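Peer 1: Residues 6 to 315 (my numbering) make up the sequence shown, in order. No residue lacks a Cβ here, since even glycine has one placed at the ideal position from N, Cα and C. Remember, predicted model here, so these are calculated numbers, not experimental data. Questions regarding the structure given below will be posed in turn.
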Amino acid sequence: MGHSAAVWDSRLALETVKDWNGIDQIVLRNPLGGSARVSLHGGQVISWRNERGEELLFTSSKAIFKPPKAMRGGIPICFPQFGNCDSIEQHGFARNKIWTVDDDPPPLPTNDSQGKAYVDLLLKPSEEDLKVWPHSFEFRLRVSLGMDGNLTLISRIRNVNGKPFSFSFGYHSHLSVSDISEVRIEGLETMDYFDNLSKRERFTEQGDAITFESEIDRVYLGSPNCVAVLDHERKRTYVIKKEGLPDVVVWNPWDKKSKAMSDLGDDEYKQMLCVDGAAIEKPITLKPGEEWTGRMEIAVVPSSFCSEDL
Ligand code: TA6
6 MGHSAAVWDS RLALETVKDW NGIDQIVLRN PLGGSARVSL HGGQVISWRN ERGEELLFTS
66 SKAIFKPPKA MRGGIPICFP QFGNCDSIEQ HGFARNKIWT VDDDPPPLPT NDSQGKAYVD
126 LLLKPSEEDL KVWPHSFEFR LRVSLGMDGN LTLISRIRNV NGKPFSFSFG YHSHLSVSDI
186 SEVRIEGLET MDYFDNLSKR ERFTEQGDAI TFESEIDRVY LGSPNCVAVL DHERKRTYVI
246 KKEGLPDVVV WNPWDKKSKA MSDLGDDEYK QMLCVDGAAI EKPITLKPGE EWTGRMEIAV
306 VPSSFCSEDL
């Protein structure tokens with residue numbers, strides 16, 4: 006029997022479970038067997054499975070599932086800072102905080118979540134947060150799973166009538182790949198990028214696709230709103246569509262850095278690739294009452310190893 010979106014009551018497609026630390030996780034399901042799992046620890050998507058139950062996001066076997074450390078894998082939310090800065094931890098505090106479920110969010114401008122299973126989460130600054138980052142914000146995150154199995158994250162960050170503030174942002178997306186040396190990224194050709202391995206020096210991408218044979222840690226600037234990650238061995242392509250996120254971070258630690266990371270197996274770099282929708286080069290500035298929206302949708306489509314089919 007086919008499942009039309011109208012038939013599927015997406016409000017019933019949610020289940021709340023507890024993790025080993027007693028923190029709630031919300032499980033979204035679609036009638037075809039797809040699922041996504043979001044932890045209130047960090048508002049982090051920690052699992053996304055297709056209708057065959059295959060895991061599409063990478064999770065390290067050595068992940069530390071203990072606040073305030075973000076779990077290595079899934080999609081950590083990097084806010085109010087992507088990268089390092091002196092006053093707050095790397096990639097900001099949002100991924101290390103306990104979020105709440107927002108039962109009555111302001112409506113989204115588009116009917117983006119029609120026929121999808123979704124959950125709305127909310128993060129507001131604690132007294133402790135305000136000490137390190139003295140800005141009154143409301144961060145609403147909607148995670149949804151479509152009938153087509155696509156995963157969508159919509160972040161709305163509002164300046165709650167404090168003084169103007171600026172932030173950088175990233176969906177730190179750990180994709181599961183079969184073998185990093187058999188993966189390529191299309192859509193970033195000719196883009197400029199900062200190379201974090203060369204003191205953020207600016208270069209221009211020369212290749213016709215990005216392939217991997219060593220550590221890579223780059224921020225592609227002003228990138229197109231559609232990027233494809235082709236996994237040759239599994240004959241599948243992640244298609245990442247984004248709005249409000251001009252930059253794309255591409256990161257694989259490779260062998261040396263993996264060995265130095267306590268929450269990543271020595272060889273696990275072969276099965277993961279971070280391709281993050283982000284706003285880094287030009288931080289977002291919000292005046293009192295203003296709101297910013299950053300939307301990322303990831304689809305997985307069957308693919309042959311050529312770009313014409315994308
Ligand atoms: O560019 C991505 C990056 O900033 C890398 O430099 C590396 O540090 C990665 O994020 C992982 O950061 P995390 O804080 O998640 O360990």
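1. For S228, count neighbouring C-beta atoms within 10 Å of its own C-beta (all shown protein chains included) and say buried if the count is 16 or more, exposed if not.
2. When the Cα of D197 is compared with those of L278, V188, R189 and Q211, which residue comes out closest?
3. Roughly how many angstroms lie between the CA atoms of F199 and S66, to the nearest whole one?
4. Would E218 be called buried (16 or more neighbouring beta carbons within 10 Å of its own) or exposed?
5. By how many angstroms is the C-alpha of F208 removed from the C-alpha of T195?
6. Measuring from the CB of V234, is there a heavy atom of the ligand TA6 at a distance below 7 Å?
7. Please report how far the alpha carbon of L269 lies from the alpha carbon of P258, in whole angstroms.
8. For N166, which residues from the same chain have a beta carbon less than 8 Å from its beta carbon, with the 5 sequence-adjacent residues on both sides left out?
9. Does the beta-carbon of H46, which I'm using as the reference point, lie nearer than 7 Å to any heavy atom of the ligand TA6?
10. Return the bridge partner residues of G227 from the DSSP annotation.
11. Let me confirm a value: Q49 is counted as buried when at least 16 other C-beta atoms fall within 10 Å, else exposed. Which label applies?
12. Alpha carbon to alpha carbon, how far is T64 from D272? Give it in angstroms, no decimals.
13. What residue range does the alpha helix (DSSP H) around V182 cover?
14. Among T105, R161 and R189, which residue has its Cα nearest to the Cα of P111?
15. Would you call G299 buried or exposed, if buried means 16 or more other Cβ atoms sit within 10 Å of its Cβ?
16. According to DSSP, what are the bridge partners of Q30?
17. DSSP on A10, reduced to helix/strand/coil?
18. Whose C-beta lies closer than 7 Å to the C-beta of I215 among residues of the same chain, with five residues either side of it excluded?
19. Please classify N26: is it buried, with 16 or more other beta-carbons within 10 angstroms of its beta-carbon, or exposed?
20. With distances taken from CA atoms, which of S44, D91, L61 and S52 is nearest P72?
21. Please indicate yes or no: does the CB of G282 lie closer than 7 Å to some heavy atom of the ligand ATP?
22. Between which residues of its own chain and G78 is the CB-CB distance below 6 Å, once the five residues before and five after are set aside?
23. May I ask you to verify whether the stretch 142-149 touches the stretch 276-288, counting CB pairs closer than 8 Å and requiring at least 3?
24. For the beta strand (DSSP E) holding D281, just list the boundary residues, first then last.
25. Straight-line CA distance for K74 to I82?
26. Could you tell me if the beta carbon of N201 falls within a distance shorter than 7 Å of some heavy atom in the ligand TA6?
27. Are A18 and A122 close, meaning C-beta to C-beta below 8 Å?
28. Which residues bound the alpha helix (DSSP H) around K262?
29. Compare the Cα-Cα distances from R239 to each of K275, V232 and E187 and report the closest residue.
30. I'd like to confirm something about G78: is its beta-carbon nearer than 7 Å to some heavy atom of the ligand TA6, or not?
31. Comparing C-alpha positions only, which one of N55, K246 and S52 sits nearest to N230?
32. Quick one: is P169 buried, meaning 16 or more other Cβ sit within 10 Å of its Cβ, or exposed?
33. What are the partner residues of D252, as DSSP defines its beta bridges?
Peer 2: Reading off the structure:
1. Numbered from its first residue, the sequence shown carries residue 228 at position 223. Buried: at least 16 other Cβ atoms inside 10 Å.
2. Within the sequence shown, numbered from 1, the residue matching residue 197 stands at position 192. Comparing Cα positions, the closest option is Q211.
3. As a working mapping, residue 199 is identified with position 194 in the sequence shown. As a working mapping, residue 66 is identified with position 61 in the sequence shown. For F199 and S66, the distance between alpha carbons rounds to 30 Å.
4. Here residue 218 is taken as the residue at index 213 of the sequence shown, counted from 1. The residue in question, E218, is exposed, as its Cβ has fewer than 16 Cβ neighbours within 10 Å.
5. Along the sequence shown, one-based indexing puts residue 195 at 190. Along the sequence shown, one-based indexing puts residue 208 at 203. The straight-line gap from Cα to Cα measures roughly 10 Å.
6. On the sequence shown, position 229 is the one that residue 234 refers to. Checking the Cβ of V234 against the ligand TA6 gives no.
7. For the purposes of this step, residue 269 is identified with residue 264 of the sequence shown, where counting begins at 1. For the purposes of this step, residue 258 is identified with residue 253 of the sequence shown, where counting begins at 1. Taking the straight line joining both Cα atoms gives about 10 Å.
8. Indexing the sequence shown from 1 puts residue 166 at position 161. Only S141, P293 and G294 meet the Cβ criterion.
9. If you number the sequence shown from 1, residue 46 lands on position 41. No, since every heavy atom of the ligand TA6 falls outside the 7 Å radius drawn around the Cβ of H46.
10. Taking the first residue of the sequence shown as position 1, residue 227 is located at position 222. Bridge partners of G227: none, in fact.
11. By one-based count along the sequence shown, residue 49 stands at place 44. Under this definition Q49 is a buried residue.
12. As a position in the sequence shown, residue 272 is number 267, starting the count at 1. As a position in the sequence shown, residue 64 is number 59, starting the count at 1. Going by the C-alpha atoms only, they are around 13 Å apart.
13. Against the sequence shown, residue 182 aligns to sequence position 177. It is not in any alpha helix (DSSP H) - V182 carries neither H nor E in the DSSP assignment.
14. Working through the sequence shown from its first residue, we reach residue 111 at position 106. When each option's Cα is compared against that of P111, the closest is R161.
15. Numbered from 1 along the sequence shown, position 294 holds the residue referred to as residue 299. So G299 ends up on the buried side.
16. Here the question's residue 30 lines up with position 25 in the sequence shown. Looking at the DSSP assignment, Q30 forms a beta bridge with V22 and S44.
17. Here residue 10 corresponds to residue number 5 of the sequence shown, with the count starting at 1. Caution is warranted here: a pLDDT of 44 is assigned to A10, below 50, making its placement in the model unreliable, and no coordinate value can be reported.
18. Your numbering for residue 215 matches position 210 in the sequence shown. Cβ within range, chain order: R189, I190, L193 and V255.
19. Along the sequence shown, one-based indexing puts residue 26 at 21. With fewer than 16 Cβ atoms within 10 Å of its Cβ, N26 is classed as exposed.
20. Locating residue 72 in the sequence shown gives position 67, where the first residue counts as 1. Taking only the C-alpha atoms, the option nearest P72 is S44.
21. This structure lacks the ligand ATP; the ligands present are the ligand TA6.
22. Working through the sequence shown from its first residue, we reach residue 78 at position 73. F63, T64, S65, A68 and H179.
23. no
24. As a position in the sequence shown, residue 281 is number 276, starting the count at 1. That run of the beta strand (DSSP E) goes M277 to L291.
25. Here residue 74 is taken as the residue at index 69 of the sequence shown, counted from 1. Here residue 82 is taken as the residue at index 77 of the sequence shown, counted from 1. When rounded, the distance between both Cα atoms is 12 Å.
26. The sequence position of residue 201 within the sequence shown is 196, counting from 1. Yes; taking the cut-off as 7 Å, the Cβ of N201 has a heavy atom of the ligand TA6 nearer than that.
27. In the sequence shown, counting from the first residue as 1, residue 18 sits at position 13. In the sequence shown, counting from the first residue as 1, residue 122 sits at position 117. Yes. Within cutoff.
28. For the purposes of this step, residue 262 is identified with residue 257 of the sequence shown, where counting begins at 1. Taken as a continuous stretch (DSSP letters only), the alpha helix (DSSP H) holding K262 covers W259 to A265.
29. Position 234 of the sequence shown, counting from 1, holds the residue named residue 239. Answer by Cα proximity: E187.
30. Position 73 of the sequence shown, counted from the start, is the residue given in the question as residue 78. Every heavy atom of the ligand TA6 is 7 Å or more from the Cβ of G78, so no.
31. The count along the sequence shown starts at 1 and reaches residue 230 at position 225. The shortest C-alpha separation from N230 is found at K246.
32. Locating residue 169 in the sequence shown gives position 164, counting from the first residue. Answer is exposed; the Cβ neighbour count stays below 16.
33. Here residue 252 is taken as the residue at index 247 of the sequence shown, counted from 1. BP columns for D252 point to A283.
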